[in-house]
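Down below is the structure, laid out as structure tokens.
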Amino acid sequence: MSEDERYAVRCRATYAQANTEVVLSHVSALPFTVAPLWGFDLSEVHLTREDGRAGRKERGVRRHCGKLLAGDVIETNGLLVMSPVRASLEATMLGSAEAGLVVVNHFLHRGDFDLDTLRGRYDDTMDRWPNSLPTDLVLRLANPLVESVAESRTEYFCFQRGLPRPIAQYEVREGGVVVAHLDFAFPDLGFWIEFDGRVKYERYLRPGETAADAVLREKRRQDMVAELTGWRCLRITWADLADPDALERRIRRLIDSIAAERSRRRAS
Numbered sequence: 002m003s004e005d006e007r008y009a010v011r012c013r014a015t016y017a018q019a020n021t022e023v024v025l026s027h028v029s030a031l032p033f034t035v036a037p038l039w040g041f042d043l044s045e046v047h048l049t050r051e052d053g054r055a056g057r058k059e060r061g062v063r064r065h066c067g068k069l070l071a072g073d074v075i076e077t078n079g080l081l082v083m084s085p086v087r088a089s090l091e092a093t094m095l096g097s098a099e100a101g102l103v104v105v106n107h108f109l110h111r112g113d114f115d116l117d118t119l120r121g122r123y124d125d126t127m128d129r130w131p132n133s134l135p136t137d138l139v140l141r142l143a144n145p146l147v148e149s150v151a152e153s154r155t156e157y158f159c160f161q162r163g164l165p166r167p168i169a170q171y172e173v174r175e176g177g178v179v180v181a182h183l184d185f186a187f188p189d190l191g192f193w194i195e196f197d198g199r200v201k202y203e204r205y206l207r208p209g210e211t212a213a214d215a216v217l218r219e220k221r222r223q224d225m226v227a228e229l230t231g232w233r234c235l236r237i238t239w240a241d242l243a244d245p246d247a248l249e250r251r252i253r254r255l256i257d258s259i260a261a262e263r264s265r266r267r268a269s
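Just add 1 to the spot in the sequence shown (first one is 1) and you have the working numbering.
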């Protein structure tokens, strides 16, 4: 099993052995709502008591206390777990803002809730919870157009490094018809970012395609977009996100290069 799968098994076992009425909450609710666990500490199982008594922490289990409102708890596969709205807000208070943004964007893109619903639940009783400062940031950055963990991390990287906020899933049109969606576009700066992961070239192969065919198809798509927009493409990978200093230098060099080229054209 993967680390995420092992964590889900531990959560289920801990829930089954609880002596009081509890709900799987925080990051421990995420496996059962089919949400990503990227960036979270999986060393503890999180439960919320339904009896209102004080929480405690012992032997890899953290029991929380918190007011439960109608709709906060759902039942799935014989387990009581926090709803996507409640679990995503709790997650933003448990891990980093980046990890919280990954979860919130996942649920928003999937359509489990909208931003107004999320903000409403936060303002209802959770805005004064401990460690809620990252939640305010996540709510400002959340974007239902962002489709994956990698894209959420890329958008957070741009914020953290003081880069302009890109437009996610930018539509490129030819003759009024949408011919491409770009992961992130910077129209004013004249470039776009595409995230290259294995999923793009393996899971989404068309019938009869090889990985090499998919690479060539993506190259033709990039050339078409460049011809229609006049922009440059910057391709990044997980390795780039693991070295943010180097990635920032690449992006800023590209911005400077495009600005210099535009200046030369105006001068000629």
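Glycine included, every Cβ here is placed at the ideal spot set by N, Cα and C.
- Message: Quick check: the Cα distance between Y202 and S44, rounded to an integer number of angstroms?
- Response: Numbered from 1 along the sequence shown, position 201 holds the residue referred to as residue 202. Numbered from 1 along the sequence shown, position 43 holds the residue referred to as residue 44. Any reading at Y202 needs caution, since the residue's pLDDT is 46, under 50, leaving its predicted position unreliable; the model's value is listed next. Distance between the alpha carbons of Y202 and S44 is about 33 Å.
- Would you check if the segment 147 to 160 and the segment 116 to 136 touch, i.e. whether three or more CB-CB distances between them fall below 8 Å? No, they do not touch.
- Task: Answer yes or no: do T15 and V46 have a C-beta to C-beta separation smaller than 7 Å?
- Result: By one-based count along the sequence shown, residue 15 stands at place 14. By one-based count along the sequence shown, residue 46 stands at place 45. Cβ atoms of T15 and V46: closer than 7 Å.
- If you check the beta carbons only, do A140 and R120 fall under 7 Å apart? Taking the sequence shown and counting its residues from 1, the one referred to as residue 140 is at position 139. Taking the sequence shown and counting its residues from 1, the one referred to as residue 120 is at position 119. Rather than Ala, the amino acid found at residue 140 in this sequence is Leu. Between L140 and R120, the gap from beta carbon to beta carbon is short of 7 Å.
- Item | Extent of the continuous alpha helix (DSSP H) to which V104 belongs | For this step, residue 104 is matched to residue 103 along the sequence shown. Note, V104: alpha helix (DSSP H), A98 to R111.
- Task: Scan the segment 36 to 103 and note each continuous alpha helix (DSSP H) run of 4 residues or more that stays entirely inside, going in chain order.
- Result: Listed in chain order, they are 85 to 93.
- Message: Considering only the alpha carbon of each residue, which of C159, L242, R233 and F187 lies closest to D197?
- Response: Within the sequence shown, numbered from 1, the residue matching residue 197 stands at position 196. Cα-wise, what sits closest to D197 is L242.
- Going by the CB atoms, is the gap between S153 and V103 shorter than 7 Å? The residue you call residue 103 lines up with position 102 of the sequence shown. The residue you call residue 153 lines up with position 152 of the sequence shown. For V103 and S153, yes; Cβs fall inside 7 Å.
- Message: As a quick exercise: from G191, K220 and D246, pick the residue whose alpha carbon is nearest that of D257.
- Response: The residue you call residue 257 lines up with position 256 of the sequence shown. D257 has its Cα closest to that of G191, out of G191, K220 and D246.
- Close-in-space but distant-in-sequence residues of the same chain around T49 (CB under 6 Å, 5 per side omitted): Within the sequence shown, residue 49 is the residue found at index 48, counting from 1. Once the five neighbours on either side are set aside, the close Cβ partners of T49 are V24, S26, H65 and G67.
- Item | Rounded Cβ spacing between R122 and R87 (contact assumed at less than 8 Å) | For the purposes of this step, residue 122 is taken as the residue at position 121 of the sequence shown. For the purposes of this step, residue 87 is taken as the residue at position 86 of the sequence shown. Rounded, the Cβ-Cβ distance is 7 Å, consistent with contact.
- Query: Is it buried or exposed for T21, if we count other Cβ within 10 angstroms and need 16 for buried?
  - Reply: As a position in the sequence shown, residue 21 is number 20, starting the count at 1. Label assigned to T21: exposed.
- Chain-order list of residues whose beta-carbon lies under 8 Å from that of C159 (same chain, five-residue window excluded): Sequence index remark: in the sequence shown, residue 159 carries index 158 (1-based). These residues qualify, in order along the chain: P165, R166, P167 and F185.
- Item | Under 7 Å between C-beta atoms of A100 and G61 | Position 99 of the sequence shown, counting from 1, holds the residue named residue 100. Position 60 of the sequence shown, counting from 1, holds the residue named residue 61. No; because the gap between Cβ atoms is not below 7 Å, this pair is not in contact.
- Message: What does the Cβ neighbour count give for P131, buried or exposed, with the cut at 16 atoms within 10 Å?
- Response: Locating residue 131 in the sequence shown gives position 130, where the first residue counts as 1. By the beta-carbon neighbour count (other beta carbons within 10 angstroms, threshold 16), P131 is exposed.
- Thinking just about the alpha-carbon of each residue, which of E59, A98, N144 and G163 is nearest to the one in E249? Sequence index remark: in the sequence shown, residue 249 carries index 248 (1-based). Taking only the C-alpha atoms, the option nearest E249 is G163.
- Query: With respect to the alpha helix (DSSP H) encompassing L138, which residues constitute its N-terminal and C-terminal limits?
  - Reply: Translated into the one-based positions of the sequence shown, residue 138 becomes position 137. Here the alpha helix (DSSP H) through L138 covers L134 to L142.
- Start-to-end residues for the alpha helix (DSSP H) that takes in D184: Counted from its first residue, the sequence shown places residue 184 at position 183. Counted as a single uninterrupted DSSP element, the stretch harbouring D184 is not any alpha helix (DSSP H) but the beta strand (DSSP E) occupying residues V178 to F187.
- Minimum C-alpha distance to E175 - residue among Q18, Q161, R222 and L217: Position 174 of the sequence shown, counted from the first residue, corresponds to residue 175. Of the candidates Q18, Q161, R222 and L217, R222 places its Cα closest to the Cα of E175.
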